[in-house]
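Peer 1: Residue numbers (full-length UniProt numbering), protein chains in the order written: chain A, 1 to 332; chain B, 1 to 332. Heads up, the beta-carbon is just placed ideally off N, CA and C, and yes, glycines get one too. Quick caveat: nothing in here was measured; it's all calculated off a predicted structure. Please find one structure pasted underneath; my questions will follow.
Number of protein chains: 2
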Amino acid sequence: MGITIKDIARETGFSVATVSRVLSNKEGFFSQKTATIINAAAAKLGYKKNMAATELVTQKSNVIAIIVNSTKTNFSEAIIDGIQKKATEANKRVIILYAGDHHAQSQQRALTTALERPIMGILLLSVDLFAENLKLLKSARVPFRFISISFKDPTLNYVASDDYQIGYEATKYLIEMGHRCIGLAGIDLESGAHTGKQRLAGYQRALLENGIIPQKSWIQPGNYSYTAGEQAMLNYHQQKKVTAIITGSDLVGVGLLNQAAKLNLNVPNDLSIIAIDGTYLCKIVQPQLTSVTQDFYQMGYLGAAYLINGQYQNAFTDIEITERQSVKKRSL
Amino acid sequence: MGITIKDIARETGFSVATVSRVLSNKEGFFSQKTATIINAAAAKLGYKKNMAATELVTQKSNVIAIIVNSTKTNFSEAIIDGIQKKATEANKRVIILYAGDHHAQSQQRALTTALERPIMGILLLSVDLFAENLKLLKSARVPFRFISISFKDPTLNYVASDDYQIGYEATKYLIEMGHRCIGLAGIDLESGAHTGKQRLAGYQRALLENGIIPQKSWIQPGNYSYTAGEQAMLNYHQQKKVTAIITGSDLVGVGLLNQAAKLNLNVPNDLSIIAIDGTYLCKIVQPQLTSVTQDFYQMGYLGAAYLINGQYQNAFTDIEITERQSVKKRSL
DNA sequence: CTGAAAGCGCTTACAG
DNA sequence: CTGAAAGCGCTTACAG
Chain A
1 MGITIKDIAR ETGFSVATVS RVLSNKEGFF SQKTATIINA AAAKLGYKKN MAATELVTQK
61 SNVIAIIVNS TKTNFSEAII DGIQKKATEA NKRVIILYAG DHHAQSQQRA LTTALERPIM
121 GILLLSVDLF AENLKLLKSA RVPFRFISIS FKDPTLNYVA SDDYQIGYEA TKYLIEMGHR
181 CIGLAGIDLE SGAHTGKQRL AGYQRALLEN GIIPQKSWIQ PGNYSYTAGE QAMLNYHQQK
241 KVTAIITGSD LVGVGLLNQA AKLNLNVPND LSIIAIDGTY LCKIVQPQLT SVTQDFYQMG
301 YLGAAYLING QYQNAFTDIE ITERQSVKKR SL
Chain B
1 MGITIKDIAR ETGFSVATVS RVLSNKEGFF SQKTATIINA AAAKLGYKKN MAATELVTQK
61 SNVIAIIVNS TKTNFSEAII DGIQKKATEA NKRVIILYAG DHHAQSQQRA LTTALERPIM
121 GILLLSVDLF AENLKLLKSA RVPFRFISIS FKDPTLNYVA SDDYQIGYEA TKYLIEMGHR
181 CIGLAGIDLE SGAHTGKQRL AGYQRALLEN GIIPQKSWIQ PGNYSYTAGE QAMLNYHQQK
241 KVTAIITGSD LVGVGLLNQA AKLNLNVPND LSIIAIDGTY LCKIVQPQLT SVTQDFYQMG
301 YLGAAYLING QYQNAFTDIE ITERQSVKKR SL
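What follows is the structure, encoded as structure tokens:
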């Protein structure tokens, strides 16, 4: 596949060993003079190192594999930017594999693609692995770490927001804004990750602390999608109880918002919404969605750093409430 | 890095040659009986083939590298899905590289990451390469193809929509809806790709065919972004001339829509909008955006097919007008 | 400072 | 049907 060090050796008269040394910059093992000659020849011939060969002999790789869902998780981009930043600083490469929209088979394909070549580690962006795929991943001797979702299982490492805190803060904020009947919509309570359950726990805690008894009907679980938001709104509308809703993602928030409009409900006058995530989606809808904003860039950066440094502890990144236009103070 | 065929050879008593043959399924070169033994051993030891080694010796690769912009091109997902589909059918792997937000350096990093290992080809998703990076790409002996943008340069292959046709159809549609003063916003006229220029040409053609003289002020170029849409709307508002606008992307359309709302303009009553792209964004805003819808999935599928088959012609994929809520018929 | 040689994990003519 | 051997593009002790 093109020019090799052998070609350069032939061209310059040096041995492949020497060529290899200057091309991989083994300081002290060559004179400046021969370096100049060899580099010139490399440039002239358009040499490109075959990293696969290097990885084969050195038995280590400098590539990080990211596995992402192809589902509409509009925040993966920020996470990836954070990873790239850290990777660049540490002189690592990153490749991305698509795991499809929560299908066992495409998950497996992505995993296999990553595992069947030398990589230094795997970062999984909010992909909730099927049991057999988790087993596959564990059986490989490759470090890995989840980003943006967390687990109870102590053998699984992650960098994520503190989802308990997210549920707690969102609820507390709405209570401070005068709401007492507060919905929680679009979170996944069935998943292997305990993201949804944690948010629910934080939500319940905040309610109880303020003397509010959580009602079962206030909770409309879902899979974090736009349609989950639409469906939840339909259900809330039948009950006519809640005055404010926390949505499991921005997309759930937008679905809910648009369904509310169809039902002739005005947000925030008739109904307040706070979305969890805080990506650009919150800013491009009308009214703009108030959100619990997660620091996705930081998640990516930290996740990459831990992977690169071989650190195995978990970490939480910061969250904050970003006030926009979808929550209204309710006078009692 | 884990179990190798040598380990399996030792375990089973066969030579590495035989192990290799059954593991890579060279039909006719082994008995069913030894296959059973070897496969069992491989499963037991948790063997994972090192494809990098295979690629080194066979001098060919089955991985397709996709290079994408990290910019908010919300349609890349559909393209990638199409590519994955074809790749899976042809038993190829795909890896994705992020080229950042139009920075020469991160483009180069993505390109290098792809080129410094064996790959069968490169697919570039709407990435407008800097001159030096295009040169780098051409100097490698790797087939490549652009997707979703087209070029004049005959050495560059692409699969895209016919942008002339897009400009033409969008304009014709608005004229049929009774509009005569029609804006074109957020398209890039400077880029190396001729996407923007083609759309402009189609637009002008449709205007002229209907006896309308194109006005320079009707054209507000930009970089296909949300902010380009906001800015364009501000400019149009000062002029108060156009009654309908074609936007270079869905995101431009949304930016324009929201800016219009800030200016107390009602879409579609005061102003009609048709967006080019037609991704889910058009459906999650209010009012929903009418669009010239591109078939991104098909672009990806076809692009991958051509790359895999070594076909070098260009191709156009279908477009269609999808009517939603942002264009209103204007009675004359 | 430089070269010859061994070896990373795999495949594949060649011989049997 | 199976094995010994050479080789893909690189790196790195070892010797000089």
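#1: Given a cut-off of 9 angstroms, decide if residue 120/B and residue 330/B are closer than it, judged by their beta-carbon atoms.
#2: Quick one: is residue 131/A buried, meaning 16 or more other Cβ sit within 10 Å of its Cβ, or exposed?
#3: Output, in chain order, the set of chain B residues within a Cβ distance shorter than 8 angstroms of residue 49/A.
#4: Could you give the uninterrupted runs of the alpha helix (DSSP H) lying entirely in the region 172–219 of chain A, keeping only those of 4 residues or more?
#5: Does residue 10/A pass the burial test, meaning 16 or more other C-beta atoms within 10 Å, or should it be called exposed?
#6: Check the Cβ-Cβ distances between residue 52/A and every residue of chain B, and say whether any is below 9 angstroms.
#7: Residue 296/B lies in the alpha helix (DSSP H); which residues open and close that run?
#8: To be precise: take each residue of the region 91–104 of chain B, compare its Cβ to all Cβ atoms of chain A, and keep it if any distance is under 9 angstroms. Which residues remain?
#9: What distance in whole Å lies between the Cβ atoms of residue 243/A and residue 271/A, which are believed to be in contact at a cut-off of 8 angstroms?
#10: At 8 angstroms on the CB atoms, spell out the chain A contacts of residue 89/B, in chain order.
#11: Quick test of your reading: residue 303/A and residue 83/A, contact by CB under 8 angstroms. State the CB separation rounded to the nearest angstrom.
#12: Since residue 70/B and residue 77/A are thought to touch, with beta carbons under 8 angstroms apart, how far apart are those beta carbons, to the nearest angstrom?
#13: State the CB to CB distance for the pair residue 98/B and residue 68/B, rounded to an integer number of angstroms; the pair is presumed to be in contact (CB under 8 angstroms).
#14: Which residues bound the alpha helix (DSSP H) around residue 21/B?
#15: So residue 200/A packs on residue 274/A, CB below 8 angstroms; how close in whole Å?
#16: Spell out the partners DSSP gives residue 161/A in its beta bridges.
#17: So residue 7/A contacts chain B; which residues on that side make the cut at Cβ distance below 8 angstroms?
#18: Would you report the Cα separation of residue 74/A and residue 279/A, rounded to the nearest angstrom?
#19: Against chain A, with Cβ distances strictly below 9 angstroms, would residue 159/B count as a contact?
#20: Within 9 angstroms (strictly less), CB to CB, does residue 16/A reach chain B?
#21: How about residue 94/A and residue 64/A: do their beta carbons lie closer than 9 angstroms?
#22: Please say whether residue 259/A and residue 261/B have beta carbons closer to each other than 9 angstroms?
#23: Could you spell out where the beta strand (DSSP E) holding residue 248/A opens and where it closes?
#24: Note down, in chain order, all residues in the region 122–154 of chain B with a beta-carbon under 7 angstroms from any beta-carbon belonging to chain A.
#25: Please return the same chain residues whose Cβ sits closer than 6 angstroms to the Cβ of residue 127/A, not counting the five positions on each side in sequence.
#26: Hey, quick one: how far does the alpha helix (DSSP H) through residue 110/B stretch, first residue to last?
#27: Nearest to residue 344/B by CA position, among 61/B, 166/B and 36/B, is which residue?
#28: Beta carbons nearer than 8 angstroms to chain B: which residues of the region 223–234 of chain A have them?
#29: Going by other Cβ atoms of all chains shown within 10 Å of its Cβ, with 16 needed for buried, is residue 50/B buried or exposed?
#30: Once the 5 residues before and after residue 168/B are set aside, which same chain residues still bring their CB inside 8 angstroms of it?
#31: Could one say the Cβ of residue 84/A lies closer than 9 angstroms to chain B's Cβ atoms, at least one of them?
#32: If I measure Cβ to Cβ from residue 124/A and keep anything under 6 angstroms in the same chain, skipping five residues before and after, which residues do I get?
#33: Once the 5 residues before and after residue 163/A are set aside, which same chain residues still bring their CB inside 6 angstroms of it?
#34: Can you pull the chain A neighbours of residue 278/B, defined as C-beta to C-beta under 9 angstroms?
#35: State the Cα-Cα distance for the pair residue 219/B and residue 183/B, rounded to the nearest angstrom.
#36: Under a Cβ-count criterion, where at least 16 other Cβ atoms within 10 Å of its own Cβ denotes burial, should residue 36/A be classed as buried or exposed?
Peer 2: The short version:
#1: no
#2: exposed
#3: 116
#4: 195–209
#5: exposed
#6: yes
#7: 296–309
#8: 93, 94, 95, 96, 97, 98, 100 and 101
#9: 7 angstroms
#10: Listed along chain A, no residue sits closer than 8 angstroms to residue 89/B by beta-carbon distance, the nearest being about 12 angstroms off.
#11: 7 angstroms
#12: 6 angstroms
#13: 6 angstroms
#14: 16–23
#15: In fact, because the Cβ distance is near 15 angstroms, the residues do not count as touching under 8 angstroms.
#16: 317/A
#17: The contacting residues do not exist; residue 7/A stays about 13 angstroms from chain B at best.
#18: Going by the C-alpha atoms only, they are around 7 angstroms apart.
#19: Answer no: the Cβ-Cβ gap between residue 159/B and chain A never drops below 9 angstroms.
#20: Closer than 9 angstroms: no.
#21: yes
#22: no
#23: No beta strand (DSSP E) contains residue 248/A, which DSSP labels as neither H nor E.
#24: 139, 140 and 141
#25: 67, 69 and 99
#26: 104–115
#27: Because chain B here runs from 1 to 332, residue 344/B falls outside it and cannot be looked at.
#28: 226
#29: buried
#30: 202, 203, 205 and 206
#31: yes
#32: Hits under 6 angstroms: 67 and 146.
#33: Counting only Cβ-Cβ distances below 6 angstroms, and skipping sequence neighbours, we find 195, 198 and 199.
#34: Within chain A, not a single residue places a beta-carbon under 9 angstroms from that of residue 278/B; the smallest gap is close to 16 angstroms.
#35: 6 angstroms
#36: Exposed: under 16 other Cβ atoms inside 10 Å.
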